[in-house]
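Working notes, beginning with the structure itself.
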Amino acid sequence: DLYCQEIVGSTEPPLPEQLISLAEKIQLASHKPSRNWFLELSDNEKLYAMLALLFQSVDRFILDEIYIEAVQRLRAKGVLNLKDPREFGLEDMLNHLNASVTETRTVNFVSESLKQEVRNQIINHHHLLWSTLELILELIETYKDPAHWEFRRSLGAAIGTLGIYRLPKLSL
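According to our numbering, the stretch in the sequence shown is residues 10 to 181, in order.
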């Protein structure tokens with residue numbers, strides 16, 4: 010909309026520099042609401058959002074179990090800003106995250122800009138998420154049967170996503 014208003018409202022064709030400036034302005038305008046949206050989430054919702062994107066091809070109910078176990082383990086390790094996951098309705102959490110469950114029962118963010126903000130926050134909070142590595146490794150061991158190869162692949166992808174920030178520790 011902003012692009013159309015600027016271009017259509019102009020009497021002269023825009024210069025390349027003006028188009029670049031306009032694109033930067035639009036990008037900044039679209040990033041701020043997404044950033045504010047994320048900052049307004051509870052710490053539990055932020056964690057769920059990051060886990061949902063890390064494990065984007067995992068069944069929603071398995072994701073819920075990963076989230077619950079991750080919160081319990083992080084709280085046991087002293088992360089006190091996370092509340093007991095039983096205090097939150099998981100459907101309410103999905104609504105606050107502007108996320109939906111697909112036909113294949115995976116969690117998907119409705120907006121690409123929100124999804125991008127969660128990606129940014131995974132980078133920002135990789136050190137917190139790395140604390141869930143032990144849980145991920147346990148899940149890989151539990152589901153080592155060949156029938157669960159897709160789930161293990163998702164777990165491995167999550168390790169890879171987090172591992173790029175912890176290369177020395179990735180050689181575990």
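The C-beta atom is built at its ideal place from N, Cα and C for all residues, glycine as well. All of these numbers come straight from a predicted model, not from anything done at the bench.
C-alpha distance - residue i paired with residue j, whole-angstrom precision
i: ASN129; j: SER122; result: 11 Å
i: TYR174; j: GLN27; result: 37 Å
i: GLU74; j: ARG161; result: 15 Å
i: ALA85; j: ASP52; result: 16 Å
Residue i and residue j closer than 8 Å at C-beta
i: ILE149; j: MET59; result: no
i: THR170; j: LEU63; result: yes
i: GLU54; j: HIS136; result: no
i: PRO94; j: ILE77; result: yes
Contact set for residue i: own chain, Cβ-Cβ below 7 Å, skip 5 residues either direction
i: ASN107; result: PHE118, VAL119, SER120, LEU123
i: LEU164; result: ILE145, LEU148, ILE149
i: LYS92; result: ASN53
i: HIS134; result: MET59
Reference residue i, options the options, closest by Cα
i: GLY49; options: HIS157, LEU176, MET102; result: Residue 49 is actually Glu in this sequence, not Gly. That would be MET102, whose Cα lies nearest to the Cα of GLU49.
i: GLN81; options: TRP158, ALA166, LEU144; result: LEU144
i: VAL116; options: LEU164, VAL67, ALA156, TRP158; result: VAL67
i: ASN90; options: LEU56, LEU176, TRP139; result: LEU56
i: TRP139; options: SER163, TRP158, GLY172; result: GLY172
i: ARG69; options: HIS134, LEU164, LEU24, THR113; result: THR113
i: SER43; options: ILE168, GLU100, GLN125; result: GLN125
Beta-carbon contacts of residue i that lie in its chain and below 8 Å, excluding the five residues immediately before and after
i: VAL127; result: PHE47, ALA58, MET59, ALA61, LEU62, PHE118
i: VAL88; result: LEU137, SER140
i: THR111; result: ASN117
Cβ-heavy atom distance, residue i to the ligand SAH, below 7 Å
i: TRP46; result: Judged by which ligands are present, the structure shown has none, so any question about the ligand SAH falls away.
- Enumerated in chain order, which unbroken segments of the alpha helix (DSSP H) with a length of 4 residues or greater are wholly contained in the segment 69 to 147? 69 to 85, 99 to 105, 121 to 133, 135 to 139
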